[in-house]
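By full-length UniProt numbering, the letter at position 51 of the sequence shown is numbered 51, and the numbering carries on one by one without gaps. Think of the CB as a built atom: it goes at the ideal place given N, C-alpha and C, for glycine as much as any other residue. Input: a single structure, listed below in structure tokens.
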Amino acid sequence: MSSVGAQHPGVNLSLYTGAKAAVENFTRVWAVELAKDKVRVNAIAPGAFKTSIWNKTNLPEDEERAHEQRIIDGIPAHRMGDPREVAALTAFLASRDAAYITGPIYDINGGMGI
């Protein structure tokens, strides 16, 4: 798992976004190195998704809602993703239908960070 932040880093996130950028580089390198062993390596880079992380801001409830709305306002799709959308992509990549796919980074972010 990578993140939209790997390609579009934010302030005070250097360690997080640096680690996600490393995930993307390892994905590409390992895809090439391990292809001969029939091992596929892919990464998923989500943007903002409606999960419990938004309950961890330590902001008052009204400020938390305003913070979430500012994030949504920056997403071209005008919504946060549903975790089931990442699950569907993950299931596809694990399926036989994706047997010839190795190496890409899949952005799933509603246009965020483009």
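7 Å Cβ shell around residue i - same chain, five flanking residues per side excluded
i	result
G113	V4, Q7, H8, G47
H67	T57, L59
G110	G47, I75, P76, A77, R79, G81
Exposed unless 16 or more other CB atoms sit within 10 angstroms - verdict on residue i
i	result
T57	exposed
K38	exposed
V36	Looking at the sequence provided, one finds Lys at residue 36 rather than Val. Exposed.
According to DSSP, residues forming a beta bridge with residue i
i	result
A45	D107
G81	F49
Neighbourhood of residue i by C-beta, 8 Å cutoff - its chain only, sequence neighbours within 5 removed
i	result
A43	M1, S2, V23, E24, T27, P104, I105, Y106
V86	I44, P46, F49, I108
L13	G5
Three-state secondary structure assigned by DSSP to residue i
i	result
G18	helix
K36	helix
H67	helix
residue 120	Limits of the chain in this structure are 1 at one end and 114 at the other, which puts residue 120 out of reach.
L59	coil
G5	helix
T27	helix
A99	coil
I75	coil
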